[in-house]
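Peer 1: First residue of the sequence shown? That's 528 in our numbering, and the numbers climb one at a time after it.
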Amino acid sequence: MNAREIKDLFDRIKSHYTMFTYDDKKIQEWYRFLKDYDNDEVNEQFNKYLTNSYDNPPQVHHLTKNLSKKKQEDDIWITECDICKQRFKIVNNDMYEYEKHHRKCQKIDFIDIMSMKLHKKHIASVVYYEMSDEELDNAYREIMDYYMSHRENNDFVKRIGV
Ligand SMILES: [Zn+2]
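In structure tokens, the structure reads:
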């Protein structure tokens with residue numbers, strides 16, 4: 528329920544129980560307990576409460592008794608990989624898929640930079656994106672080993688400081 532629906536509910540309660548009063552503070556307070564419940568279900572509970580002819584207006588627990596909370600809305604935001612610009616939908620701050628992707632992109636980006644420096648050409652990055660994690664790790668390690676073994680007598684490698 529939202530605050531507007533709680534105010535409408537209060538008006539209903541008031542029309543049956545003249546002693547019932549409310550103000551903004553009371554709306555806020557009830558909102559804390561009712562926000563996760565469905566408006567129609569709470570109103571239906573109030574109908575049942577009325578048919579029992581209680582003399583006093585209902586308390587929150589009378590209206591939520593036996594009701595289950597609604598599923599919370601998912602918190603969704605969009606982020607973008609700074610390397611390949613692919614967009615990711617992040618649901619409830621779960622960064623798992625994005626981080627996995629980003630690690631892969633960093634490795635492919637590194638291999639590409641090395642290829643440019645060594646062979647003066649870009650890698651066919653699509654081939655690397657299709658690799659399994661293991662295959663990519665091997666390719667990454669291979670290029671690292673290559674540079675490490677050549678760094679002693681390679682002016683170019685000395686210059687880029689790998
Ligand atoms: Zn990426």
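Glycine residues also receive a C-beta, built at the ideal position from the N, C-alpha and C atoms. If you're wondering where the values come from, they're calculated on a predicted model, not measured in any experiment.
(1) For a test of the three-state rule: what should DSSP assign to Thr-545, helix, strand or coil?
(2) Are there any heavy atoms of ligand 1 lying less than 8 Å away from the beta-carbon of Gln-572, as far as the coordinates show?
(3) Just the Cα atoms here: how many angstroms apart are Phe-597 and Met-528?
(4) Quick one, are the C-beta atoms of Leu-663 and Tyr-655 less than 9 Å apart?
(5) For Lys-617, name the three-state secondary structure that DSSP assigns.
(6) Can you give me the C-alpha to C-alpha distance between Ala-651 and Asp-639, rounded to a whole angstrom?
(7) Taking 8 Å as the cut-off, is the beta-carbon of His-589 closer than that to any non-hydrogen atom of ligand 1?
(8) Excluding the 5 residues preceding and the 5 following Ile-605 in the sequence, name in chain order all residues of the same chain whose CB lies nearer than 8 Å to its CB.
(9) Out of curiosity, what's the CA-to-CA distance linking Met-641 and Tyr-623?
(10) Do Asp-602 and Asn-619 count as a contact pair if the criterion is CB distance below 9 Å?
(11) Are the segment 575 to 590 and the segment 548 to 555 touching, with three or more C-beta to C-beta distances below 8 Å?
(12) Is Arg-531 near Phe-573, with beta carbons less than 9 Å apart?
(13) For ligand 3, is there any heavy atom lying closer than 8 Å to the beta carbon of Ile-610?
(14) Among Arg-630, Leu-561, Met-546, which residue has its Cα nearest to the Cα of Lys-592?
(15) In three-state DSSP terms, what is Val-689?
(16) Would you please state the rounded distance, in angstroms, between the beta carbons of Glu-568 and Leu-594? I believe it to be under 8 Å.
Peer 2: So, to answer that:
(1) Here residue 545 refers to the residue found at position 18 of the sequence shown. Three-state result, Thr-545: coil.
(2) For the purposes of this step, residue 572 is taken as the residue at position 45 of the sequence shown. No, Cβ of Gln-572 sits at least 8 Å from all heavy atoms of ligand 1.
(3) In the sequence shown, the residue the question calls residue 597 occupies position 70. In the sequence shown, the residue the question calls residue 528 occupies position 1. Looking at the sequence shown, residue 597 is not Phe but Lys. Rounded to whole angstroms, Lys-597 to Met-528 spans 10 Å at the Cα level.
(4) As a position in the sequence shown, residue 663 is number 136, starting the count at 1. As a position in the sequence shown, residue 655 is number 128, starting the count at 1. Taking 9 Å as the Cβ cut-off, Leu-663 and Tyr-655 qualify as a contacting pair.
(5) Position 90 of the sequence shown holds residue 617. It is Ile, not Lys, that sits at residue 617 in the sequence shown. For Ile-617, the secondary structure class from DSSP, reduced to helix, strand or coil, is strand.
(6) Looking up residue 651 in the sequence shown gives position 124. Looking up residue 639 in the sequence shown gives position 112. One C-alpha to the other measures close to 9 Å.
(7) One-based indexing of the sequence shown puts residue 589 at position 62. Answer for His-589: no, Cβ out of range of ligand 1.
(8) The count along the sequence shown starts at 1 and reaches residue 605 at position 78. Same-chain partners within the cutoff: Arg-614, Phe-615, Lys-616, Ile-617.
(9) Residue numbering aside, residue 641 sits at position 114 when the sequence shown is read from its first letter. Residue numbering aside, residue 623 sits at position 96 when the sequence shown is read from its first letter. Straight across, the Cα-Cα distance linking Met-641 with Tyr-623 is about 28 Å.
(10) As a first step, residue 619 is located in the sequence shown; it is residue number 92 there, counting from the start. As a first step, residue 602 is located in the sequence shown; it is residue number 75 there, counting from the start. The Cβ atoms of Asn-619 and Asp-602 sit closer than 9 Å to each other.
(11) Not touching, per the Cβ criterion.
(12) For the purposes of this step, residue 531 is taken as the residue at position 4 of the sequence shown. For the purposes of this step, residue 573 is taken as the residue at position 46 of the sequence shown. No, Cβ-Cβ distance for Arg-531 and Phe-573 is not below 9 Å.
(13) Ligand 3 is absent from the structure shown, which contains only ligand 1.
(14) Translated into the one-based positions of the sequence shown, residue 592 becomes position 65. Closest by C-alpha distance to Lys-592, out of Arg-630, Leu-561, Met-546, is Leu-561.
(15) Along the sequence shown, one-based indexing puts residue 689 at 162. Caution is warranted here: a pLDDT of 46 is assigned to Val-689, below 50, making its placement in the model unreliable, and the coordinate value is therefore given only provisionally. Val-689 falls in the coil class under three-state DSSP.
(16) To locate residue 568, count along the sequence shown from 1; it is residue 41. To locate residue 594, count along the sequence shown from 1; it is residue 67. Right, the Cβ-Cβ distance comes to about 5 Å (below 8 Å), so this counts as a contact.
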